[in-house]
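Peer 1: Numbering (our numbering), first residue to last: 7 to 211. Input: one structure, supplied below.
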């Protein structure tokens, strides 16, 4: 993904700040979309957008923290950089605990924000690639039969074919057939790769 594929969403009720931030984002060759308040953002945002959200803390109607909570509730995985001219320690702590990527107090240096935007976009890209990989793994897991799944889980647990056969009440030859089918459906060439894929999705259940 190049910079042109990322969109930086900016929510601030100050028109001059919106223009400044939009122009600043343009120096990184990112696209930007601006919104006067949280309601406008919620009505126009598409969850497919790759990028990040630069969000003012104090907004008319829905506040920045409330908007961030709504993103979490709707499983919108957009990194948030919170900005405010009225930040205090308790607010910053609350925002960070809620999962905000970072918090900048106005006035801030443009480069500070650009560095955070770059970090946010990279994290968002990495998360989306990881989620895509996990979705592929889940699709492959779902293609396994019940018996193949049982064999796979015992293989991942480090069991030998003869032990798997004994536990499942089937022949070693049948275990070998199921095991080969598992490796084929999961598109892996080694048990180590199978274990890695399996643990990757299990850790995120």
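Every residue, glycine too, gets a C-beta built ideally from N, C-alpha and C.
What residue from 57, 140, 208 and 116 has the CA that sits closest to residue 107's CA?
Peer 2: Considering only alpha carbons, the answer is 57.
Peer 1: Can you tell me which residues form a DSSP beta bridge with residue 41?
Peer 2: Bridge partners of residue 41: 17.
Peer 1: Less than 8 Å between the beta carbons of residue 188 and residue 154, yes or no?
Peer 2: Their beta carbons are under 8 Å apart, which means residue 188 touches residue 154 by this criterion.
Peer 1: Once you ignore the five residues that flank residue 207 on each side, which residues in its own chain have a CB closer than 8 Å to its CB?
Peer 2: Result list for residue 207: 140, 143, 144 and 147, in chain order.
Peer 1: Please name the residue, chosen from 182, 55, 202 and 19, that lies closest to residue 83 on a Cα-to-Cα basis.
Peer 2: Of the listed residues, the one whose Cα sits closest to residue 83 is 55.
Peer 1: With a threshold of 7 Å on Cβ separation, who are the neighbours of residue 30 within its own chain once the five nearest residues in sequence on each side are excluded?
Peer 2: 116, 119 and 120, listed in sequence order.
Peer 1: Look at the alpha carbon of residue 12 and the alpha carbon of residue 170, and state the distance between them as a whole number of angstroms.
Peer 2: Rounded to whole angstroms, residue 12 to residue 170 spans 48 Å at the Cα level.
Peer 1: Starting from the Cα of residue 43, find the closest Cα among 51, 101 and 150 and give me that residue.
Peer 2: Comparing Cα-Cα distances from residue 43 to each of 51, 101 and 150, the minimum goes to 51.
Peer 1: Three-state secondary structure (DSSP) at residue 192?
Peer 2: Three-state DSSP puts residue 192 in coil, outside helix and strand.
Peer 1: Taking the alpha carbon of residue 194 as the point to measure from, which residue in 130, 158 and 63 has its own alpha carbon closest?
Peer 2: Residue 158 is the option with its Cα nearest to residue 194.
Peer 1: Does DSSP put residue 82 in a helix, in a strand, or in coil?
Peer 2: Coil, per DSSP.
Peer 1: Whose C-alpha, out of 76, 203, 63 and 100, is nearest the C-alpha of residue 89?
Peer 2: Of 76, 203, 63 and 100, the residue nearest in Cα terms is 63.
Peer 1: Hey, residue 73 and residue 47 are a contact pair by Cβ (cut 8 Å); roughly how many whole angstroms apart?
Peer 2: About 7 Å; that satisfies the 8 Å criterion.
Peer 1: Taking all protein chains shown into account, do 16 or more other C-beta atoms lie within 10 angstroms of the C-beta of residue 18, making it buried, or fewer, making it exposed?
Peer 2: Counting Cβ neighbours within 10 Å, residue 18 comes out buried, since at least 16 surround it.
Peer 1: Using DSSP's beta-bridge definition, name the partner residues of residue 62.
Peer 2: In DSSP, residue 62 forms a bridge with 89.
Peer 1: Start and end of the alpha helix (DSSP H) containing residue 163?
Peer 2: Neither: residue 163 is in no alpha helix (DSSP H) and is coded neither H nor E.
Peer 1: Can you tell me whether DSSP reads residue 47 as helix, strand or coil?
Peer 2: Helix, per DSSP.
Peer 1: With DSSP as the reference, label residue 25 as helix, strand or coil.
Peer 2: Of the three classes helix, strand and coil, the one that applies to residue 25 here is helix, per DSSP.
Peer 1: Given a cut-off of 8 Å, decide if residue 167 and residue 181 are closer than it, judged by their beta-carbon atoms.
Peer 2: Going by C-beta atoms, residue 181 is nearer than 8 Å to residue 167.
Peer 1: Starting from residue 110, trace the beta strand (DSSP E) both ways and give me its first and last residue.
Peer 2: Run containing residue 110: 108-111, per the beta strand (DSSP E) assignment.
Peer 1: Name the one or two DSSP bridge partners that residue 56 has.
Peer 2: According to DSSP, which records beta bridges pairwise, residue 56 is partnered with 12.
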